[in-house]
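J.: Take the sequence shown: its position 56, counting from 1, is numbered 218 in the numbering used here, and each next residue is one higher. Mind having a look at this structure? Questions to follow.
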Amino acid sequence: MAISQKLHTKLVQKLIQKGDTWDDQDYEYFFGDYLDDGYRPRTPTEVKELPPIENTLSTGTSLSDHLLWQLSMQTDDPQIREIGEAIIGNLDDDGQLVATVEELAAMGPWPVERVEKALKLIQGFDPIGVAARDLQECLLLQLRHLGMGGTPAEKIVTEHMRLLQNHQVPELARKLGLSIDELKQHIELIRHLDPKPGSRLNPSQSQYVIPDVYVVKVEDQYVAVLNEEGLPQLRISPVYRRLLDKTQTENTDETRAYVKDKFRSALWLIKSVEQRQKTIHKVATSIINFQRDFLDHGIEYLRPLVLRDVANDIGMHESTVSRVVTNKYMHTPQGVFEMKYFFHSGIASSYGEAVSSVTIKQRIRKIIEQEDPRKPLSDSKIVSILQREGLELARRTIAKYREELKIPTSNQRKVLY
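Here it is in structure tokens:
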């Protein structure tokens, strides 16, 4: 059964070929694949292609590797090393410990005091603040490393974090017995600490996107051009065309049926690839027609669009459109976007036409960028501004969009002077 499957796979693979047709002199090389799976001679025309330079860039050391290296340098105690590895394995991307000392102790099991000893060791590693159990401990580790233990800054972090977070500066100054100017110096120090020390060693890898579709402007119209660079032209090998002809006279019915079945499989694959490309082109063209203003003017002109709109436009099912736009990218005059990006719900406006949720998010971002940092705008005030612009949104919707934009609350945005 295994041999049959292997031959089946090889035959289907070889039924499909790209490039020039082969003449009779190439047969030995062509059938050589079947003689020895471990070796294939190189043809005179074969060219070894090196990967793009972007794919050869070295990646930085991960947080885990960086800490494990320090652990190996700092202790010869086998048990402390073992516990340390468990601690490092329970850090999140920001470097914070996500397991309790008791949970770590149960993994060994190890004595709690040994776990605490290993934890204290790792908390002294670079980056300082790593392996903290919460934000407060993270900041305290950094302050003490800077020699700021026993200072008002340490007391703020230890006893008055809530007052600091709520910007209650006069109350905080009174409790610490400091002037406002003295207090601001300590607050400034705290603000320069790193609440996520591990994130610097866990950078997100750059993703190099190859567009599936290019949007090109021809005179006054935008057209979709498929990127077929990575998709070779498929066709049936002439070798197997001749083989199929021979089966009509020289082979048994079973052999003829086998070759015809593989021939049909190859044709089905070719037609499926062609149909896929046609569907992508149809969907891309429909998106272009709906989003003409975006292509001309930018993100703020993105129209509300749902899968049903495109499905009805091209006469296909919504599920087909959904599959096509997933993990496919379009190169447009405004940049490269995933095709799913163009589908967004709309918000009703007082001037009739619905506005895309993406457009509203962009407007919220601009409003906040232009606010007085000493008097940040609350979500309710942003609601009022948008109402004057003809957009009716609930405060909770503004809060949701602000969080999706990773913009802090007005209290957190307030700059202390």
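All C-beta atoms in this analysis are idealised placements derived from N, C-alpha and C, irrespective of residue type, glycine included.
Find the nearest neighbour of Pro535 within the set Gly508, Leu548, Asn573, Arg243, judged by alpha-carbon distance.
T.: The shortest Cα separation from Pro535 among Gly508, Leu548, Asn573, Arg243 belongs to Asn573.
J.: For the alpha helix (DSSP H) containing Ala280, name the first residue and the last one.
T.: Residues 274-284.
J.: Report yes or no: do three or more beta-carbon pairs, one from the stretch 270-279 and one from the stretch 292-309, lie closer than 8 Å?
T.: Not touching, per the Cβ criterion.
J.: Have a look at Met478 and Pro466 and give me their C-alpha separation to the nearest angstrom.
T.: Rounded to whole angstroms, Met478 to Pro466 spans 20 Å at the Cα level.
J.: Please list the terminal residues of the continuous alpha helix (DSSP H) segment that includes Pro543.
T.: The residue you asked about is not Pro; residue 543 is Lys in the sequence shown. Here the alpha helix (DSSP H) through Lys543 covers 541-550.
J.: For Leu253, which option in Leu281, Ile530, Thr447 has the closest C-alpha, if you only look at C-alpha atoms?
T.: Looking at the Cα atoms, Leu281 is the closest of the given residues.
J.: Cβ of Leu469 within 8 Å of Cβ of Ile509?
T.: Taking 8 Å as the Cβ cut-off, Leu469 and Ile509 do not qualify as a contacting pair.
J.: Taking only runs of the alpha helix (DSSP H) that begin and end inside the stretch 282-359, which ones reach a length of at least 4 residues, in chain order?
T.: Entirely contained in the stretch 282-359, the alpha helix (DSSP H) runs reaching 4 residues are, in chain order, 297-307, 314-321, 323-327, 331-338, 342-353.
J.: Rounded to the nearest angstrom, what separates Gln383 and Lys568 at their Cα positions?
T.: Gln383 and Lys568: Cα-Cα distance of roughly 37 Å.
J.: Report the option in Asp423, Ile398, Met501 whose CA atom is closest to the CA atom of Val445.
T.: Ranking the options by Cα distance to Val445, first place goes to Met501.
J.: Specify whether the stretch 332-345 and the stretch 288-298 touch according to this definition: at least 3 beta carbon pairs, one from each stretch, less than 8 Å apart.
T.: As far as the Cβ criterion goes, the stretch 332-345 does not touch the stretch 288-298, which means the pair count is below three.
J.: Can you have a look at Gln453 and say buried or exposed, based on whether 16 or more other CB atoms are within 10 angstroms of its CB?
T.: When all chains shown are included, Gln453 counts as buried.
J.: Just the Cα atoms here: how many angstroms apart are Val317 and Asp239?
T.: Per the sequence presented here, residue 317 reads as Lys, with Val not at that position. Taking the straight line from one Cα to the other gives about 35 Å.
J.: Compute the Euclidean distance between the alpha carbons of Glu533 and Met269, then round it to the nearest angstrom.
T.: Their Cα atoms are separated by approximately 51 Å.
J.: Using CA coordinates, which residue listed in Lys537, Gly552, Arg557 is at the minimum distance from Ile544?
T.: Cα-wise, what sits closest to Ile544 is Arg557.
J.: His493 lies in the beta strand (DSSP E); which residues open and close that run?
T.: Start and end: 491-494.
J.: Does the count of Cβ pairs from the stretch 413-433 and the stretch 449-463 closer than 8 Å reach three?
T.: At 8 Å Cβ cutoff, the stretches do not touch.
J.: Could you tell me the boundaries of the alpha helix (DSSP H) in which Ala268 lies?
T.: Where Ala268 is concerned, the enclosing alpha helix (DSSP H) stretches over 263-269.
J.: In whole angstroms, what separates the C-alpha of Lys576 from that of Leu388?
T.: Straight-line Cα distance between these residues: approximately 48 Å.
J.: Would you tell me roughly how many angstroms separate the C-alpha atoms of Tyr503 and His354, rounded to the nearest one?
T.: Answer to the nearest angstrom: the Cα atoms are 36 Å apart.
J.: Using a 10 Å radius around the Cβ and a threshold of 16 neighbouring Cβ atoms, would you call Thr571 buried or exposed?
T.: Result: exposed.
J.: Report yes if the CB atom of Gly251 is closer than 8 Å to the CB atom of Leu225, and no otherwise.
T.: No, Cβ-Cβ distance for Gly251 and Leu225 is not below 8 Å.
J.: Run the proximity test for Glu299: is its beta-carbon closer than 7 Å to any non-hydrogen atom belonging to the ligand SAM?
T.: In terms of ligand content, the structure shown is empty, and the ligand SAM therefore cannot be addressed.
J.: When we look at the beta-carbon of Thr494 and count the other beta-carbons within 10 Å, is it buried (16 or more) or exposed?
T.: Buried: at least 16 other Cβ atoms inside 10 Å.
J.: Mark Tyr370 as exposed unless 16 or more other C-beta atoms lie within 10 angstroms of its C-beta, in which case mark it buried.
T.: Exposed: under 16 other Cβ atoms inside 10 Å.
J.: What residues in its chain sit with their C-beta under 6 Å from that of Gln232, if we drop five residues either side in the sequence?
T.: Once the five neighbours on either side are set aside, the close Cβ partners of Gln232 are Phe287.
J.: In angstroms with no decimal places, state the Cα-to-Cα distance between Gln506 and Glu247.
T.: At residue 506 the sequence reads His, which differs from the Gln that was named. Taking the straight line joining both Cα atoms gives about 45 Å.
J.: Please classify Ala561: does DSSP put it in a helix, a strand, or coil?
T.: Looking at Ala561 - three-state DSSP - the assignment turns out to be helix.
J.: Got a sec? Which residues, its chain only, sit under 6 Å from Lys537 by beta carbon, not counting five neighbours each side?
T.: There are no such residues.
J.: Check this for me: beta carbons of Ser448 and Val472, under 8 Å apart or not?
T.: Yes, these two residues count as a Cβ contact at 8 Å.
J.: Spatial neighbours of Ser519 within its chain, please: CB distance less than 8 Å, with the 5 preceding and 5 following residues excluded, ordered by chain position.
T.: Taken in chain order, the residues that qualify are Pro466, His506, Ser507, Gly508, Ile509, Tyr563.
J.: Going by C-alpha distance, which of Leu431, Ala315, Ile547, Gly552 is nearest Val517?
T.: Of the candidates Leu431, Ala315, Ile547, Gly552, the one whose C-alpha sits nearest the C-alpha of Val517 is Gly552.
J.: Please name the residue in Leu363, Ser427, Thr313 whose C-alpha comes closest to that of Glu344.
T.: Selected option, being the one with the closest Cα: Thr313.
J.: Name, in chain order, the residues that DSSP records as bridge partners for Ala386.
T.: BP columns for Ala386 point to Val377.
J.: In its own chain, which residues sit with a C-beta less than 6 Å from the C-beta of Val378, not counting the 5 before and 5 after it?
T.: Contacts found: Val385, Val387.
J.: Let me confirm a value: Ile560 is counted as buried when at least 16 other C-beta atoms fall within 10 Å, else exposed. Which label applies?
T.: With 16 or more other Cβ atoms within 10 Å, it is buried.
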